[in-house]
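Residue numbers (my numbering): 1 to 60.
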């Protein structure tokens with residue numbers, strides 16, 4: 001599971017997600033009805049946060 005926010009953002013964009021908003025360090029991506037929020041930039045996200053992002057993006 002990827003924990004680097006830069007690589008997570010790249011994967012989201014490659015999967016068709018679109019950046020819709022930025023508030024502070026949180027980037028909000030949307031694809032259809034799915035919304036994913038990524039704290040960025042952050043080198044090592046906690047395991048639970050990375051897992052939650054993967055679940056929201058439909059990777060798990």
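Virtual Cβ for every residue (Gly too), placed ideally from N, Cα, C.
When you compare the CB positions of residue i and residue j, do they come within less than 8 angstroms of one another, or not?
{"i": "residue 19", "j": "residue 29", "result": "yes"}
{"i": "residue 94", "j": "residue 57", "result": "Because residue 94 is not part of the residues shown, which for the chain are 1 to 60, the question remains open."}
{"i": "residue 5", "j": "residue 42", "result": "yes"}
Just the C-alpha distance for residue i and residue j, rounded to the nearest angstrom, thanks.
{"i": "residue 51", "j": "residue 3", "result": "9 angstroms"}
{"i": "residue 17", "j": "residue 25", "result": "18 angstroms"}
{"i": "residue 15", "j": "residue 23", "result": "22 angstroms"}
With DSSP collapsed to three states, give me the class of residue i.
{"i": "residue 1", "result": "coil"}
{"i": "residue 45", "result": "coil"}
What residues match up with residue i in a beta bridge as DSSP calls it?
{"i": "residue 37", "result": "28"}
{"i": "residue 23", "result": "26"}
### Query
Are the stretch 36 to 48 and the stretch 6 to 20 touching by the rule of at least three beta carbon pairs closer than 8 angstroms?
yes
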